[in-house]
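Reviewing the structure listed below.
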Amino acid sequence: MTQVFNFSAGPAMMPQAVLKTAQAELLNWQNQGTSVMEVSHRGKYFMELIAQADKDLRHLFKVPDNYKILFLQGGARGQFAAVPMNLIGAKGKALYLNSGHWSAMAAKEARNFCEIDEISIAEKDENGVIGVTRTDFSDIADQYDYVHYCTNETITGVQIKEVPNVGDAVLVADMSSDIMSKQIDISKFGLIYAGAQKNLGPAGITLVIVREDLIGHARRATPSIWNYEVQANADSMINTPPTFAWYLCSLVFRHMLAEGGIDVYTRRNATKAELLYNFLDQSKFYRNYIAKPNRSVMNVTFTTDNDELNMKFVAEATAAGLHALKGHKVLGGMRASLYNAMPIEGVQALIEFMKKFEAENA
Ligand code: PMP
């Protein structure tokens, strides 16, 4: 079989080494004679696994001691609802920054639970290029219980690289598609959440990192599974957790530590994205429509500006072992997701294919 590179936006590529470990341990985990997915989540070995995962993640991502790490279910969309249920307080209102599809979806869901103000912060210029127009909200943020934004819009490939200024207000971030791709100053955030299925592990588990003083204020009608206080007091096990997904995340953290930590990935990710954007910029055949300061390091979108050619591109790329390059249905075109697990060889292979396709079709 030809080598396959999987550019899927999520569920996405996992590190090969992690899959091999999981394969080797599948039938006999911790010498228990069973797989990890067949043991009690409250048993000694699984409790050790989650304690180690917490420790490794804290170390890797420099999570301060006054933050709790929760592993929940319901995906990032579950958090679209859980955040207002838990964080709306005395001010009764939240501010949502709209930079594209996912931040808009978060705002839409939040409206079911509280009053919100929504500000559009991404605009298209006369050439169709999308850029982020505003990141300072310090003049208005104190009216709100929290300010929500999405660090990386997975569909368009718009990444907000500087942390918005919200003064002393609580900043909440959906980091589903760029979490742990670079070190951030977690103390600037009240709460961070991310579905695991891009940089952390498989689908089915959702990471929440929340400052302790924000826990314990959920409205009464909050379901226990999404009540941060209830979950924090129960080791994220108010119900049976997705144990196999949690295990795979723990292997990803261990693997990242063994590779040298987040900074190693940041450098690799920058190299991969730079290679592809530089190639796009010199080409007259392909185009990326994102303003340079907001070009995502994780999701690189491009198009030939011709739907038929785009379809041909995706079909031929798939046949050449370059999978899942079709852009999201709301945008069309192509998208190459270059998450932490994508090796540089994948990007090189993609560029070689793009050159060949251009020569044959320009
Ligand atoms: N936010 C972002 C930035 C995403 O990319 C996605 C999924 N692609 C979601 C939220 C929704 O995540 P989930 O499917 O885990 O609910």
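So in this note's numbering, spot 99 of the sequence shown is number 89, and the numbers just go up one at a time. Quick reminder that beta carbons are idealized off the backbone N, C-alpha and C, glycines included.
**Message:** Rounding to the nearest angstrom, what Cα-Cα distance links Asn155 and Gln(-7) in this structure?
**Reply:** Here the question's residue 155 lines up with position 165 in the sequence shown. Here the question's residue -7 lines up with position 3 in the sequence shown. Roughly 44 Å separates the two Cα atoms.
**Request:** Could you tell me which of Pro74, Asp44, Ile150, Ser110 sits nearest to Ala211, measuring between CA atoms?
**Result:** The sequence position of residue 211 within the sequence shown is 221, counting from 1. Residue Pro74 is the option with its Cα nearest to Ala211.
**Asked** Quick one: is Glu350 buried, meaning 16 or more other Cβ sit within 10 Å of its Cβ, or exposed?
**Response** Along the sequence shown, read from residue 1 onward, the residue named residue 350 stands at position 360. Counting the other CB atoms within 10 Å of its CB gives Glu350 a total below 16, which places it among the exposed residues.
**Asked** How would you write the range of the beta strand (DSSP E) that Ser110 sits in, first residue to last?
**Response** The residue you call residue 110 lines up with position 120 of the sequence shown. First-last of the beta strand (DSSP E) with Ser110: 105 to 110.
**Asked** What separation, rounded to the nearest whole angstrom, lies between the Cα atoms of Ser89 and Arg32?
**Response** On the sequence shown, residue 89 is found 99 positions in, with the first residue counted as 1. On the sequence shown, residue 32 is found 42 positions in, with the first residue counted as 1. Their backbone Cα atoms lie some 41 Å apart in a straight line.
**Local Cβ density within 10 Å of Gly147, reported as buried at 16 or more and exposed below that** = Here residue 147 refers to the residue found at position 157 of the sequence shown. Result: buried.
**Asked** Exposed or buried, Asn56, counting other C-beta atoms within 10 Å across all chains shown (16 or more means buried)?
**Response** As a position in the sequence shown, residue 56 is number 66, starting the count at 1. Counting C-beta atoms within 10 angstroms of its own C-beta, Asn56 has fewer than 16 neighbours from the protein chains shown and is therefore classed as exposed.
**Request:** Could you please give me the residues that DSSP links to Phe292 through a beta bridge?
**Result:** Start at 1 with the first residue of the sequence shown, and residue 292 comes out as number 302. DSSP lists Met324 as partners of Phe292.
**Asked** Cβ of Gly65 within 7 Å of any heavy atom in the ligand PMP?
**Response** Walking along the sequence shown from the start, residue 65 turns up at place 75. In this structure, Gly65 has its CB closer than 7 Å to one or more heavy atoms of the ligand PMP.
**Message:** Is Gly0 close to the ligand PMP? I mean its beta-carbon at under 7 Å from any heavy atom of the ligand.
**Reply:** Residue numbering aside, residue 0 sits at position 10 when the sequence shown is read from its first letter. Answer for Gly0: yes, Cβ within range of the ligand PMP.
**Prompt:** What are the boundary residues of the alpha helix (DSSP H) that includes Asn88?
**Reply:** Within the sequence shown, residue 88 is the residue found at index 98, counting from 1. Looking at the DSSP string, Asn88 is not in any alpha helix (DSSP H); the run it does join, the beta strand (DSSP E), is 83 to 88.
**Message:** Less than 7 Å separating the Cβ of Ser166 from some heavy atom of the ligand PMP?
**Reply:** The residue labelled residue 166 in the question sits at position 176 within the sequence shown. At least one heavy atom of the ligand PMP sits closer than 7 Å to the Cβ of Ser166.
**Item:** Pair within 8 Å by beta-carbon distance, Thr196 and Gln69
**Value:** Along the sequence shown, one-based indexing puts residue 196 at 206. Along the sequence shown, one-based indexing puts residue 69 at 79. Contact: yes.
**Prompt:** Going by the C-beta, is Thr144 closer than 7 Å to any heavy atom of the ligand PMP?
**Reply:** Position 154 of the sequence shown, counted from the start, is the residue given in the question as residue 144. For the ligand PMP, at least one heavy atom lies less than 7 Å from the Cβ of Thr144.
**Message:** If you measure between the beta carbons of Asp135 and Leu77, is that distance less than 8 Å?
**Reply:** By 1-based counting over the sequence shown, the position of residue 135 is 145. By 1-based counting over the sequence shown, the position of residue 77 is 87. Yes, the pair counts as a contact, with Cβ atoms nearer than the cut-off.
**Prompt:** Between Leu181 and Leu204, is the Cβ-Cβ spacing less than 8 Å?
**Reply:** Taking the first residue of the sequence shown as position 1, residue 181 is located at position 191. Taking the first residue of the sequence shown as position 1, residue 204 is located at position 214. Using a Cβ distance threshold of 8 Å, Leu181 and Leu204 count as a contacting pair.
**Message:** the ligand MG and Gly191: does the residue's C-beta get closer than 7 Å to at least one heavy atom of that ligand?
**Reply:** This structure does not include the ligand MG; its bound ligands are the ligand PMP.
**Prompt:** Anyone know if the C-beta pair for Asn102 and Met288 falls short of 8 Å?
**Reply:** Sequence index remark: in the sequence shown, residue 102 carries index 112 (1-based). Sequence index remark: in the sequence shown, residue 288 carries index 298 (1-based). For Asn102 and Met288, no; Cβs fall outside 8 Å.
**Prompt:** Is there contact here, the region 307 to 325 with the region 8 to 21, by at least three beta-carbon pairs under 8 Å?
**Reply:** The way I'd put it, the region 307 to 325 doesn't touch the region 8 to 21; fewer than three beta-carbon pairs between them come closer than 8 Å.
**Message:** Assuming the contact rule is C-beta atoms closer than 8 Å, Ala71 and Trp236 should be a hit. Round their C-beta distance to whole Å, please.
**Reply:** For the purposes of this step, residue 71 is taken as the residue at position 81 of the sequence shown. For the purposes of this step, residue 236 is taken as the residue at position 246 of the sequence shown. The Cβ separation is near 22 Å, so there is no contact.
**Message:** Looking only at its chain, what residues have a beta carbon closer than 7 Å to the beta carbon of Phe347, apart from the 5 residues adjacent to it on each side?
**Reply:** Position 357 of the sequence shown, counted from the start, is the residue given in the question as residue 347. So the qualifying residues of the chain are Phe303, Glu306.
**Prompt:** Thinking just about the alpha-carbon of each residue, which of Thr294, Ile341, Asn278 is nearest to the one in Gly118?
**Reply:** One-based indexing of the sequence shown puts residue 118 at position 128. For Gly118, the nearest C-alpha among the options comes from Asn278.
**Message:** Would you call the region 118 to 134 in contact with the region 295 to 302, where contact means no fewer than 3 C-beta pairs closer than 8 Å?
**Reply:** Touching, no, given that fewer than three Cβ pairs across the two stretches are closer than 8 Å.
**Prompt:** Hey, would you say Ala186 sits closer than 8 Å to Leu60, going by beta carbons?
**Reply:** In the sequence shown, counting from the first residue as 1, residue 186 sits at position 196. In the sequence shown, counting from the first residue as 1, residue 60 sits at position 70. For Ala186 and Leu60, no; Cβs fall outside 8 Å.
**Asked** Short check: CB of Glu0 to CB of Ser171, under 8 Å?
**Response** Mapped onto the sequence shown, residue 0 falls at position 10. Mapped onto the sequence shown, residue 171 falls at position 181. The residue asked about is misnamed: residue 0 is Gly in this sequence, not Glu. Pairing Gly0 with Ser171 gives a Cβ-Cβ distance that is not under 8 Å.
**Request:** Report the rounded CA-to-CA distance for Gly64 versus Glu152, giving the unit in angstroms.
**Result:** In the sequence shown, the residue the question calls residue 64 occupies position 74. In the sequence shown, the residue the question calls residue 152 occupies position 162. Rounded to whole angstroms, Gly64 to Glu152 spans 28 Å at the Cα level.
**Request:** Using 7 Å as the cut-off, classify the Cβ of Gly407 as near or not near the heavy atoms of the ligand PMP, replying yes or no.
**Result:** This structure leaves residue 407 out entirely; the chain is present only between -9 and 352.
**Prompt:** Any heavy atom of the ligand PMP within a distance shorter than 7 Å of the CB on Trp216?
**Reply:** Here residue 216 refers to the residue found at position 226 when the sequence shown is read from its first residue. Relative to the ligand PMP, the beta carbon of Trp216 is positioned no closer than 7 Å to any heavy atom.
**Message:** Suppose you measure from the CA of Leu299 to the CA of Leu17; what does that come to, to the nearest Å?
**Reply:** Indexing the sequence shown from 1 puts residue 299 at position 309. Indexing the sequence shown from 1 puts residue 17 at position 27. Approximately 46 Å, taken between the alpha carbons.
**Item:** 8 Å Cβ cutoff met for Phe234 and Met27
**Value:** Position 244 of the sequence shown, counting from 1, holds the residue named residue 234. Position 37 of the sequence shown, counting from 1, holds the residue named residue 27. Inclusion of Phe234 and Met27 in the CB contact set at 8 Å is warranted, their separation being smaller than that value.
**Spatial distance of Gln42 from His138 (CA atoms)** = Here the question's residue 42 lines up with position 52 in the sequence shown. Here the question's residue 138 lines up with position 148 in the sequence shown. Roughly 30 Å separates the two Cα atoms.
**Request:** Just confirm the distance between the C-beta atoms of Tyr86 and Glu105, as a whole number of angstroms; I'd bet it's less than 8 Å.
**Result:** In the sequence shown, the residue the question calls residue 86 occupies position 96. In the sequence shown, the residue the question calls residue 105 occupies position 115. The C-beta separation of Tyr86 from Glu105 comes to about 11 Å, leaving the pair out of contact by the 8 Å criterion.
**Backbone CA spacing between Leu266 and Ala326 [nearest angstrom]** = As a working note, residue 266 is residue 276 in the sequence shown. As a working note, residue 326 is residue 336 in the sequence shown. Approximately 9 Å, taken between the alpha carbons.
**Request:** Grab the span of the beta strand (DSSP E) containing Leu62 for me, first residue to last.
**Result:** Within the sequence shown, residue 62 is the residue found at index 72, counting from 1. Residues 57 to 62.
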